[in-house]
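Q: This is the structure, below, for whatever I ask next.
Numbering (my numbering), first residue to last: 121 to 361.
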């Protein structure tokens, strides 16, 4: 059974053939697909759940992406709180930190991340974490949040989630797995120069390992350079097998 734990079916690049893309995923043996909303902006948080409602086996998540953190308003967090009650809404995300592009100021990214971590705990949902070139700060935020959370179990007892399109080190992965996170690998793990990433993947226990496409981005070998889609998650699985 194949699962695509992270794709963006609401992306405009799927507008012309979205139904066919989902059908190809089924034909490829995918049981579940998690489509992530919000990467195109916090005003579009609900589009992923609209797609999920129309298709069996498709579920949704949404959150304010770190690129869009500067645009976050109170109304967007209210929207997420409402979406959280939907039966096919499974997680808050993708949320996190991106210091590679710095499309939003880093302090704003951190503030928006913390607010969404708190929201996820409030509505008892996991989070989907985006992290690029910011692993030290992400680990610090998670650990500090745990230390100041209420209850004896702290964050470890109530926050869990996925490290999406993991690009960190083995140490980063294991530090965050201690707080209940799963580690997901995307098409870049198939690239010829990604041996360090494959080595990190080999260290992850199977019960903590997920696969994804991040489609329409990061098409795996042999589809590299093309538009990615959920059916191609088989190439990621094959590489990690």
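For each residue, glycine too, the CB sits at the ideal point set by N, CA and C.
(1) If you reduce the DSSP assignment to three classes, tell me which class residue 337 lands in.
(2) Would you identify the three-state DSSP class for residue 131, choosing helix, strand or coil?
(3) Per the contact definition of three or more C-beta pairs closer than 8 Å, is the stretch 191 to 205 in contact with the stretch 249 to 263?
(4) Out of curiosity, what's the CA-to-CA distance linking residue 331 and residue 308?
(5) Nearest CA to the CA of residue 293: which residue from 311, 318 and 310?
(6) Within this structure, are the beta carbons of residue 362 and residue 199 separated by less than 8 Å?
(7) Do the stretch 122 to 136 and the stretch 186 to 193 make contact, defined as three or more Cβ pairs closer than 8 Å?
(8) Assuming residue 335 and residue 350 make a contact with CB atoms under 8 Å, what is their CB distance in whole Å?
(9) Any idea if residue 323 is buried or exposed, counting beta-carbon neighbours within 10 angstroms, 16 or more meaning buried?
(10) Just how far apart, CA to CA, sit residue 181 and residue 161?
(11) Do residue 301 and residue 341 have their beta-carbon atoms positioned less than 8 Å apart in this structure?
A: To lay it out plainly:
(1) To locate residue 337, count along the chain shown from 1; it is residue 217. Three-state result, residue 337: coil.
(2) Here residue 131 refers to the residue found at position 11 when the chain shown is read from its first residue. In the three-state scheme derived from DSSP, where H, G and I count as helix and E and B as strand, residue 131 is classed as coil.
(3) In the pairwise beta carbon analysis, the stretch 249 to 263 is classified as not touching the stretch 191 to 205: fewer than three pairs are separated by under 8 Å.
(4) Position 211 of the chain shown, counting from 1, holds the residue named residue 331. Position 188 of the chain shown, counting from 1, holds the residue named residue 308. Straight-line spacing of the CA atoms in residue 331 and residue 308 works out to 11 Å.
(5) As a position in the chain shown, residue 293 is number 173, starting the count at 1. When each option's Cα is compared against that of residue 293, the closest is 318.
(6) What the structure shows of the chain is the stretch from 121 to 361, and residue 362 is not part of that stretch, so it cannot be assessed.
(7) no
(8) Position 215 of the chain shown, counting from 1, holds the residue named residue 335. Position 230 of the chain shown, counting from 1, holds the residue named residue 350. Between residue 335 and residue 350, the beta carbon gap of about 6 Å places them in contact (Cβ cut-off 8 Å).
(9) Position 203 of the chain shown, counted from the start, is the residue given in the question as residue 323. Exposed, by the Cβ-count rule.
(10) Indexing the chain shown from 1 puts residue 181 at position 61. Indexing the chain shown from 1 puts residue 161 at position 41. Near 14 Å, if we compare the C-alpha coordinates of residue 161 and residue 181.
(11) Walking along the chain shown from the start, residue 341 turns up at place 221. Walking along the chain shown from the start, residue 301 turns up at place 181. Their beta carbons are not under 8 Å apart, which means residue 341 does not touch residue 301 by this criterion.
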